[in-house]
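Q: Before I ask anything, let me first share the structure, which is written out below as structure tokens.
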Amino acid sequence: MPRIKKVLVANRGEIAIRVMRTCKELGLATVAVYSEADRSALHTRFADEAYCIGPAPSRESYLVIDNVLEAAKKSGADAIHPGYGFLSENAKFVRACEKAGVTFIGPPASAMDAMGEKTHARRNMIKAGVPVVPGTDAPFANFDEAKAFAAKIGFPVMLKAAGGGGGKGMRRVDRAEDLESAWRTAKSEAMSAFGNDAVYMEKFLDQPHHVEIQVFGDTHGNVIHLNERECSAQRRNQKVVEETPSPILTPEMRAAMGEVAVRAAKAVNYVGAGTIEFLVDSKRNFYFLEMNTRLQVEHPVTEWVTGVDLVAWQLHVAQGGVLPILKPIQPRGHSIEVRVYAEDPATNFMPAPGTISYVRVPSGPYVRDDSGVYAGYRVPNFYDPMISKLSVWAPTRMEAILKMRRALDEYVLTGITTNLRYLKQILMHQEFVGGNYDTGFLGREHQKLLGEEDPALTRASMIAAAVRAHQRAEKAQAQIAKNTAGTGGSGISPWRTAGRRQAAWGKR
Amino acid sequence: MPRIKKVLVANRGEIAIRVMRTCKELGLATVAVYSEADRSALHTRFADEAYCIGPAPSRESYLVIDNVLEAAKKSGADAIHPGYGFLSENAKFVRACEKAGVTFIGPPASAMDAMGEKTHARRNMIKAGVPVVPGTDAPFANFDEAKAFAAKIGFPVMLKAAGGGGGKGMRRVDRAEDLESAWRTAKSEAMSAFGNDAVYMEKFLDQPHHVEIQVFGDTHGNVIHLNERECSAQRRNQKVVEETPSPILTPEMRAAMGEVAVRAAKAVNYVGAGTIEFLVDSKRNFYFLEMNTRLQVEHPVTEWVTGVDLVAWQLHVAQGGVLPILKPIQPRGHSIEVRVYAEDPATNFMPAPGTISYVRVPSGPYVRDDSGVYAGYRVPNFYDPMISKLSVWAPTRMEAILKMRRALDEYVLTGITTNLRYLKQILMHQEFVGGNYDTGFLGREHQKLLGEEDPALTRASMIAAAVRAHQRAEKAQAQIAKNTAGTGGSGISPWRTAGRRQAAWGKR
Amino acid sequence: MARSTKYFVKNLAHKADAPAELEVEALGDGRYAVTFHSPTPSPQGPLDGKRSELESLVLPHGAVSMIVDGQSYNVEFDEKGDEVGVLLRGQLTRFDVADERKVRMRAATAAFSVEGKQMITAPMPGKIVKVFVKVGDEVKEGQGLVVVEAMKMENELKSPKAGKVTEVVAKEGATVENGANLIAVE
Amino acid sequence: MARSTKYFVKNLAHKADAPAELEVEALGDGRYAVTFHSPTPSPQGPLDGKRSELESLVLPHGAVSMIVDGQSYNVEFDEKGDEVGVLLRGQLTRFDVADERKVRMRAATAAFSVEGKQMITAPMPGKIVKVFVKVGDEVKEGQGLVVVEAMKMENELKSPKAGKVTEVVAKEGATVENGANLIAVE
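Protein chains in written order, with this note's numbering: chain Z, 46 to 553; chain R, 46 to 553; chain L, 29 to 214; chain Y, 29 to 214.
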């Protein structure tokens with residue numbers, strides 16, 4: 046394969062910056078694409094070249110394959126890194142890149158096909174001997190089959206649509222007598238959502254742990270794993286805190302899950318960075334959930350404990366290189382990542398776009414901030430509101446927790462509402478500190494995680510607020526005095542003075 | 046020893062922040078001291094408590110033992126971390142802390158005494174069997190002794206004052222016929238500088254490498270070393286780039302130097318973090334130069350490759366803890382640090398204090414910025430102009446160099462003159478990349494390191510400058526149009542308009 | 029302005045509670061004395077009339093470095109309309125801060141009912157600095173009608189409703205008493 | 029202002045060289061066309077009259093994001109007096125930038141000899157906007173004497189020396205020709 050010289054990053058924000066950083070280190074030219082809403086985004090400014098690919102909505106810009114490829118052609122980019130989200134798991138895009146003669150930095154389209162569709166992936170995994178959540182490996186022919194199967198695996202069970210996800214055609218059933226009505230509504234919902242009323246059944250796992258294994262393959266048939274990540278701290282089914290090693294894994298479990306993950310990846314001839322997601326039940330049985338055929342948001346924690354630059358490996362493998370390391374890498378120390386969002390945890394995590402007035406990111410030993418924003422930047426309301434991934438490393442888990450708390454206290458980001466305080470509360474919570482938290486943790490503890498006031502800090506804050514008001518009044522007074530003196534006193538138009546005083550007070 | 050609960054950091058700027066970060070992680074309260082010039086400094090804002098200890102000049106504030114101890118008393122601090130510089134190597138201060146019942150985080154006064162004075166340290170090391178630069182172990186009784194000794198070790202030689210350093214009473218002598226006049230001037234200079242005309246002689250090492258070993262001791266008699274740092278990139282005898290491992294060291298040399306360093310530290314019953322500095326000649330012989338009885342500026346590179354938080358260890362040992370690790374730590378990967386100064390390399394590194402208008406620090410994988418500044422901060426002209434230590438880690442030296450270049454390109458700091466471009470040129474220079482650079486490197490290559498223009502970038506910069514001028518003119522015009530419209534046109538006072546236009550143009 | 033001013037600080041997380049009263053006295057050189065007075069017990073702990081002296085340095089980007097009894101607080105402010113968010117040691121607290129003048133202004137505004145003819149009255153003794161409207165003008169809700177100066181600060185009184193100006197009693201430069209009729213909007 | 033303006037850009041690392049001439053044309057929506065004209069060959073490479081279209085977005089903190097033929101430049105500026113430092117892809121270059129009006133003003137100033145009586149003259153046709161001094165005033169070197177408006181921009185003419193104003197020919201509002209006497213300082 047020819048050497049890559051110029052990489053177009055078909056993404057935006059912090060992940061585009063992350064990918065470009067490695068490209069720059071490797072001496073590769075970088076090309077950004079941007080929507081009209083992202084002209085001032087940091088990734089547009091950070092790249093060597095930048096091309097506009099359409100209006101703000103992503104389906105008219107970042108998701109338009111032709112526009113991305115046209116930018117690649119204009120710039121002469123010989124490779125495209127998709128980041129995550131957008132076109133990163135779109136097999137059609139992979140094929141279009143191939144046709145255009147541009148290297149897609151990711152797995153082949155065939156591996157995406159094999160893992161992209163739920164029941165298909167499930168069957169592939171069952172064939173490869175990978176444990177999946179107990180259930181049927183094909184849709185039921187009729188209700189009696191479903192009834193018999195439920196009796197066999199035991200309630201609670203999940204009815205799931207074979208044709209698609211997103212919660213549509215999905216029903217949790219706790220008792221046998223509720224099965225028939227759930228069966229009917231699931232089927233009709235599946236039909237209207239996917240035009241396909243096929244449903245299948247899985248054992249319902251109550252508040253499992255979400256543990257995933259990072260895998261990496263090359264074009265020479267080598268596949269290795271780079272240990273696990275614990276991702277059970279989820280709000281509204283979205284990860285907000287990730288760590289590695291998982292506090293619930295034993296070395297034996299890590300080896301077993303790693304072996305299964307490599308087997309799963311090999312079954313679909315996987316190439317590049319990928320992640321096998323598992324659910325782990327309270328008895329520490331683990332079940333295949335899905336494969337993400339791309340880089341993950343939480344890849345920095347793996348980088349911290351392995352010393353590997355995963356994006357550098359992606360580029361290496363995309364050029365036909367052999368994986369630099371072929372045996373398991375023992376994790377060194379502990380790493381935690383938090384996702385900083387422009388959102389308000391108190392109002393059900395409502396996104397809170399707006400203009401950032403000031404930023405000072407934490408730093409110092411073993412603290413890494415991957416962000417895509419800057420002071421004065423307006424976070425647009427068209428895209429995911431994640432503005433930074435903050436990650437830390439320390440020799441032990443407890444030290445990593447202490448370091449992350451310190452880093453969160455240092456993080457100053459004003460002008461918009463963020464989840465920084467909420468993240469700090471998670472890191473302070475005894476269940477998190479204990480390490481045995483499941484996917485129900487954040488939902489269950491929501492009220493507590495919104496935080497309580499420290500009366501001493503509230504008092505200091507009140508003093509600060511009152512003195513601030515006083516200082517502004519003083520400043521306004523000084524301004525008036527100055528203006529009056531400058532124009533000879535009484536001759537000044539009161540209208541003017543009013544205007545100035547108001548200006549001095551800002552928009553209050 | 047009692048547990049430390051509150052730490053006063055008797056320092057300022059980035060090192061104060063560095064120390065406080067670890068204290069915060071460990072749950073220790075932090076106390077800053079500040080001079081009148083440092084009321085707005087980041088360390089004053091970063092600490093839990095802050096006390097003013099005097100006017101701007103450090104001899105009236107940071108160097109006044111009584112003022113520091115008074116702040117410790119007021120705040121109830123039970124320990125003092127001295128950082129580096131200021132009182133960090135002052136045995137009198139250590140004794141004063143002891144008397145005040147405050148734990149000094151550093152070595153005992155006796156170890157400072159043993160290492161603080163040059164000839165004393167030299168004799169102590171010779172006694173301990175540590176190789177020193179070949180020379181006399183005591184001052185000469187008369188000139189004939191000196192003449193005979195020079196003939197024995199061979200020219201060139203260095204005549205050095207026994208009573209003090211700083212270049213005073215120091216003469217390089219290349220030929221036998223120059224010795225007598227040098228002898229006379231060195232002695233008279235030593236007398237007037239130190240009130241002591243004793244001189245001794247050392248072999249002159251031509252452009253040696255400066256390699257140092259980090260050592261650590263505890264109160265239980267354990268001393269270990271944490272590998273070396275290569276610090277040969279020096280301008281005006283000050284380190285600007287440091288790295289570990291040293292590119293010129295073999296594992297055997299590392300082991301040998303480490304062993305000698307540990308022996309040196311044990312000879313003075315050393316406790317805490319310390320550094321044994323060596324000169325290495327072209328035949329890779331190494332000689333004891335001096336010991337720094339404190340944390341070094343370049344400690345982050347050691348932290349990167351060992352995973353140790355040296356400040357946390359200092360705190361641990363100060364409370365009587367046993368060193369957490371007692372066997373050598375194999376360095377993992379490679380780390381480089383650069384010192385970012387507010388100075389102008391083109392005018393002989395003249396300090397360039399002033400107000401920082403904008404900062405965006407580099408980040409991303411394995412990049413660490415230890416700085417003590419922020420946008421809007423005025424770098425005062427009373428202290429060392431170092432504003433940040435930027436360090437990186439990578440699996441190999443070449444990758445670390447590439448990463449540092451990327452990080453330096455990312456560093457945006459406007460409003461004051463810095464050495465950022467100069468540092469980038471060092472990282473680009475073939476001699477540095479080759480790894481075999483000695484202490485003469487930066488001086489020899491000075492002109493080249495000031496950098497050359499890239500014509501393409503100069504052209505783009507010219508375009509940017511012209512368009513910028515045009516945009517400002519446009520803005521000024523728009524402002525005039527607005528003002529004119531707002532007041533009904535011709536009725537406006539021309540004086541007012543002029544004032545506004547000038548305001549719109551800033552101070553041009 | 030007065031060297032000492034009283035501020036009413038309401039914690040927006042406890043809206044039902046009465047605001048705390050803080051008296052701020054400028055001591056010069058960025059030093060202030062703040063005394064807590066509170067009419068009712070408060071969830072912010074006992075507000076006992078204790079006087080704190082402090083130093084407050086305004087930084088270029090609008091944040092403040094405040095040192096109270098040796099405690100150093102790095103304070104960032106986030107302002108949205110009349111509210112101010114105070115971020116201090118990782119805690120963000122939202123307050124409504126008003127001085128006495130503003131409190132009276134608000135009381136005056138709160139007394140408005142927006143139906144029918146609305147008479148805008150002076151919320152405190154002061155001087156009419158500016159009248160923006162004349163009889164017959166169409167005004168929008170929230171549009172400025174008149175500026176009254178009191179306690180050396182100016183405050184703009186706004187129309188409580190959209191409508192037409194039917195009376196203009198206020199005269200620029202005139203001194204008015206508390207409650208004096210100024211402008212009617214119908 | 030004219031849609032197209034010529035700027036003289038001198039690289040301060042090569043002070044002896046003639047400045048490059050760049051014609052900047054505003055195309056609207058933050059887009060500009062820049063054409064290089066240079067009287068002499070330059071160390072900045074052949075300046076061949078090539079026209080580049082570009083987009084320049086001014087960011088809140090004063091930096092600029094400039095995209096020229098797809099190349100994205102993040103540009104920070106560092107201004108000190110008349111000089112501007114341009115930091116772009118790690119290279120810092122210092123320039124002196126002047127438009128035609130400013131160049132003529134400077135030529136006028138440069139013609140001054142600071143000994144004896146100095147007559148300040150109009151550097152180009154324009155209108156006297158403001159006269160700051162009257163006969164008999166003591167002035168310092170660099171003190172503003174008169175403001176002349178030309179090409180819709182105002183420029184303040186400063187005293188070349190400390191001394192006394194001996195003549196004031198300029199009248200506010202008057203139109204003056206190139207070279208007209210304005211003010212004498214002795």
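Beta carbons are placed, not taken as given, at the ideal position from N, Cα and C, and that holds for glycine. Keep in mind that this is a model prediction, so the values were computed, not measured.
Do you know how far the Cα of residue 402 of chain Z is from the Cα of residue 98 of chain Z?
A: Counted from its first residue, the first sequence places residue 98 of chain Z at position 53. Counted from its first residue, the first sequence places residue 402 of chain Z at position 357. Rounded to whole angstroms, residue 98 of chain Z to residue 402 of chain Z spans 28 Å at the Cα level.
Q: Kindly list the residues whose CB is nearer than 6 Å to the CB of residue 438 of chain R, restricted to its own chain and excluding five residues on each side of it in sequence; keep chain order.
A: On the second sequence, position 393 is the one that residue 438 of chain R refers to. Same-chain partners within the cutoff: 349, 378, 380, 411.
Q: Roughly how many angstroms separate the alpha carbons of residue 521 of chain R and residue 113 of chain Y, rounded to a whole number?
A: Counted from its first residue, the second sequence places residue 521 of chain R at position 476. Counted from its first residue, the fourth sequence places residue 113 of chain Y at position 85. Whole-angstrom Cα-Cα distance: 21 Å.
Q: What runs of the beta strand (DSSP E), each 3 residues or longer, lie entirely inside the stretch 424–476 of chain Z?
A: Correct list: 431–439, 457–459.
Q: Within the chosen definition, does the stretch 84–93 of chain R reach the stretch 169–184 of chain R through at least 3 CB pairs nearer than 8 Å?
A: These segments do not touch.
Q: Does DSSP put residue 303 of chain Z in a helix, a strand or coil?
A: Sequence index remark: in the first sequence, residue 303 of chain Z carries index 258 (1-based). It is helical.
Q: Within 10 angstroms of the Cβ of residue 443 of chain R, are there 16 or more other Cβ atoms? Answer buried if so, exposed if not.
A: For the purposes of this step, residue 443 of chain R is taken as residue 398 along the second sequence, with counting starting at 1. With fewer than 16 other Cβ atoms within 10 Å, it is exposed.
Q: Any idea what DSSP makes of residue 531 of chain Z, helix, strand or coil?
A: In the first sequence, residue 531 of chain Z corresponds to position 486, counting from 1. The predicted position of residue 531 of chain Z is uncertain, since its pLDDT is 48 and thus under 50; no value can be drawn from it.
Q: Under the DSSP definition of a beta bridge, which residues are partnered with residue 51 of chain R?
A: Position 6 of the second sequence, counting from 1, holds the residue named residue 51 of chain R. In the DSSP output, where bridge partners are listed per residue, residue 51 of chain R has R/74.
Q: What are the residues that DSSP puts in a beta bridge with residue 186 of chain Y?
A: Counted from its first residue, the fourth sequence places residue 186 of chain Y at position 158. BP columns for residue 186 of chain Y point to Y/172.
Q: Assuming residue 292 of chain R and residue 480 of chain R make a contact with CB atoms under 8 Å, what is their CB distance in whole Å?
A: For the purposes of this step, residue 292 of chain R is identified with residue 247 of the second sequence, where counting begins at 1. For the purposes of this step, residue 480 of chain R is identified with residue 435 of the second sequence, where counting begins at 1. Indeed they touch by this definition, with Cβ atoms about 3 Å apart.
Q: Among all the DSSP beta bridges, which residues are the ones paired with residue 93 of chain Y?
A: Numbered from 1 along the fourth sequence, position 65 holds the residue referred to as residue 93 of chain Y. In DSSP, residue 93 of chain Y forms a bridge with Y/85, Y/102.
Q: For chain Z, check one thing: does any of its Cβ atoms lie closer than 9 Å to the Cβ of residue 150 of chain L?
A: On the third sequence, position 122 is the one that residue 150 of chain L refers to. Residue 150 of chain L does not count as touching chain Z.
Q: Taking 6 Å as the limit between beta carbons, can you name the residues of its chain near residue 462 of chain R, skipping five residues before and five after?
A: Residue 462 of chain R sits at position 417 when you count from the first residue of the second sequence. Excluding positions up to five away in sequence, the list reads 389, 397.
Q: Using 9 Å as the limit for Cβ to Cβ distance, is residue 102 of chain Y near chain Z?
A: Counted from its first residue, the fourth sequence places residue 102 of chain Y at position 74. For residue 102 of chain Y, the answer is yes, since a Cβ of chain Z falls inside 9 Å of its Cβ.
Q: Assign residue 138 of chain Z to one of three DSSP states: helix, strand, or coil.
A: Translated into positions along the first sequence, residue 138 of chain Z becomes position 93. If DSSP states are grouped into helix, strand and coil, residue 138 of chain Z belongs with the helices.
Q: So for residue 490 of chain R, helix, strand or coil by DSSP?
A: Counted from its first residue, the second sequence places residue 490 of chain R at position 445. It is coil, neither helix nor strand.
Q: Using the three-state DSSP reduction, which class does residue 246 of chain R fall into: helix, strand or coil?
A: For this step, residue 246 of chain R is matched to residue 201 along the second sequence. If DSSP states are grouped into helix, strand and coil, residue 246 of chain R belongs with the strands.
Q: What residues from chain Y crowd round residue 460 of chain R, counting only those whose CB sits closer than 9 Å?
A: For the purposes of this step, residue 460 of chain R is identified with residue 415 of the second sequence, where counting begins at 1. Correct list: 106.
Q: My parser needs the alpha helix (DSSP H) runs of 4 or more residues fully inside the stretch 133–186 of chain R; what are they?
A: Counting whole runs of 4 or more residues, the stretch 133–186 of chain R contains the alpha helix (DSSP H) stretches 136–145, 154–161, 163–172.
Q: Can you find the residues in the same chain that come closer than 7 Å, C-beta to C-beta, to residue 257 of chain R, ignoring five residues on each side of it along the sequence?
A: If you number the second sequence from 1, residue 257 of chain R lands on position 212. Excluding sequence neighbours, residue 257 of chain R sits near 273, 274, 276, 320, 321, 322, 323.
Q: Assuming residue 305 of chain Z contacts residue 253 of chain Z under a Cβ cut-off of 8 Å, what Cβ separation, rounded to an integer in Å, is found between them?
A: Residue 305 of chain Z sits at position 260 when you count from the first residue of the first sequence. Residue 253 of chain Z sits at position 208 when you count from the first residue of the first sequence. Not quite, the Cβ-Cβ distance comes to about 16 Å (not below 8 Å), so this is no contact.
Q: Using 10 angstroms around the beta-carbon of residue 207 of chain L, count the other beta-carbons present and answer buried if the total reaches 16, otherwise exposed.
A: Against the third sequence, residue 207 of chain L aligns to sequence position 179. Counting Cβ neighbours within 10 Å, residue 207 of chain L comes out exposed, since fewer than 16 surround it.
Q: Taking contact to mean 3 or more Cβ pairs, one atom from each stretch, closer than 8 Å, check whether the stretch 507–523 of chain R and the stretch 77–92 of chain Y are in contact.
A: With a cut-off of 8 Å, the stretch 77–92 of chain Y and the stretch 507–523 of chain R count as touching, because enough Cβ pairs lie within range.
Q: CB residue 200 of chain L to CB residue 159 of chain L, shorter than 9 Å?
A: What you label residue 200 of chain L is simply residue 172 of the third sequence in a count that begins at 1. What you label residue 159 of chain L is simply residue 131 of the third sequence in a count that begins at 1. Going by C-beta atoms, residue 200 of chain L is nearer than 9 Å to residue 159 of chain L.
Q: Using three-state DSSP, classify residue 390 of chain R as helix, strand or coil.
A: Taking the second sequence and counting its residues from 1, the one referred to as residue 390 of chain R is at position 345. Helix at residue 390 of chain R.
Q: Hey, quick one: how far does the alpha helix (DSSP H) through residue 294 of chain R stretch, first residue to last?
A: For the purposes of this step, residue 294 of chain R is taken as the residue at position 249 of the second sequence. No alpha helix (DSSP H) contains residue 294 of chain R, which DSSP labels as neither H nor E.
Q: Per DSSP, what kind of secondary structure is residue 112 of chain Z in: helix, strand or coil?
A: Sequence index remark: in the first sequence, residue 112 of chain Z carries index 67 (1-based). Residue 112 of chain Z falls in the helix class under three-state DSSP.
Q: Using DSSP's beta-bridge definition, name the partner residues of residue 116 of chain L.
A: Indexing the third sequence from 1 puts residue 116 of chain L at position 88. Bridge partners of residue 116 of chain L: L/103, L/119.
Q: Would you kindly work out how many angstroms separate the C-alpha atoms of residue 191 of chain Y and residue 57 of chain L, rounded to a whole number?
A: In the fourth sequence, residue 191 of chain Y corresponds to position 163, counting from 1. In the third sequence, residue 57 of chain L corresponds to position 29, counting from 1. Straight-line Cα distance between these residues: approximately 40 Å.
Q: Between the C-alpha atoms of residue 157 of chain Y and residue 148 of chain Y, what's the straight-line distance to the nearest angstrom?
A: Your numbering for residue 157 of chain Y matches position 129 in the fourth sequence. Your numbering for residue 148 of chain Y matches position 120 in the fourth sequence. Each residue's Cα considered, the two are about 15 Å apart.
Q: My understanding is that residue 93 of chain R touches residue 100 of chain L, with C-beta atoms under 8 Å, so please give their C-beta distance in whole angstroms.
A: Here the question's residue 93 of chain R lines up with position 48 in the second sequence. Here the question's residue 100 of chain L lines up with position 72 in the third sequence. That pair is a contact at about 6 Å.
Q: Residues of the stretch 391–402 of chain Z in Cβ contact with chain L at a cutoff of 7 Å, in chain order, please.
A: If the cut-off is 7 Å between Cβ atoms, the stretch 391–402 of chain Z has nothing near chain L.
Q: For residue 129 of chain L, count neighbouring Cβ atoms within 10 angstroms of its own Cβ and tell me buried if that reaches 16, exposed if not.
A: Residue mapping note: residue 129 of chain L aligns to position 101 of the third sequence, counting from 1. By the neighbour-count rule (16 or more Cβ atoms within 10 Å), residue 129 of chain L is buried.
Q: Scan the stretch 90–109 of chain Z for residues whose Cβ lies nearer than 8 Å to a Cβ of chain Y and list them as they occur along the chain.
A: From the stretch 90–109 of chain Z, only 90, 91, 92, 93, 94, 95, 96 have a Cβ closer than 8 Å to chain Y.
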